[in-house]
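Per the numbering used here, the very first residue in the sequence shown carries number 222; after that it's consecutive. Ideal Cβ positions, reconstructed from N, Cα and C, are used throughout, including at glycine.
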Amino acid sequence: MGYPAYNSIDYNRKRCDILAIKIFVDQGHNPTGSPNAGAEGFGVREEDITYHVGMYLAAILEADYRFEVRVSRNTPTEVLGTSNASSLIRRVELANSWPADYFISIHANANTNPAINGSEVYVYRTESEAFYLAEHILSEIVRRVGTKNNGVRVNSSLYVLRRTTMPAVLVELAYLTNEGDIQYLVEDQYQFAYAIYVGLLNYLNLPQLENLFG
Ligand SMILES: [Zn+2]
């Protein structure tokens, strides 16, 4: 009596401002026809897949008060940089200057051998926060989408992993050049995004929210 009604939504909002975990979602590559465009398979472009999966992931994270999210490409036509190198530099600058807490770069793979398939996640080094985050993301992708598990791989030469100042992972969703994988890449873009989200939650030991679209 006499007290203002306690408002849990405002409370969550306040916590969010202080504690929200900042996720930078990097949709690998630039639009078709520009520098740093991606690979192609079965007439499907990598940059289109990565754009959409990144946007789904951003929408899911935005709906969860525990996260703040930014993406590298805000529209399908946005071009970052004027060359391969400057495009990667720009993506890292955007994440480092925020600064993000985690960096998730999304790609789709290609191989001259059409039999090669599966998902893999690249990190800068083993026994790092990024490595364990990568393990969680990869196992959730394999579980939800059904791709082959190619494991977490170390690649210390990838620019976005080397120059980001926060734990960074580069997710190769599946192979554009494989007949089975291309179906997943075209039809299961939301599932890939949701799997990355759940992998992130599992890594952070956070429960899934009941009312979030799954
Ligand atoms: Zn790529």
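In the three-state reduction of the DSSP assignment, Gly401 falls in the helix class.
Distance from the CA of Leu240 to the CA of Arg287, rounded to the nearest whole angstrom, comes to 7 Å.
Here Ser340 has Leu359, Ile362, Val363, Val366, Thr368, Lys369, Asn370, Asn371, Val392, Glu393, Leu394 and Ala395 as same chain residues with Cβ atoms under 8 Å from its own Cβ, once five neighbours each way along the sequence are excluded. The beta carbon of His250 sits closer than 7 Å to at least one heavy atom of ligand 1. Membership of Val300 in any alpha helix (DSSP H) is not indicated, and neither H nor E is assigned to it by DSSP. In the structure shown, Tyr323 adopts extended strand secondary structure according to DSSP, grouped into three states. In this structure, the beta-carbon distance from Phe245 to Arg291 falls below 8 Å. Excluding residues up to 5 positions away in sequence, Phe288, Glu289, Val290, Arg291, Trp319, Pro320, Ala321, Asp322 and Tyr323 lie with their Cβ nearer than 8 Å to the Cβ of Lys243 in the same chain. In the three-state scheme derived from DSSP, where H, G and I count as helix and E and B as strand, Gly339 is classed as coil. Under the 8 Å Cβ criterion, the region 274-284 counts as touching the region 412-425, having at least three qualifying pairs.
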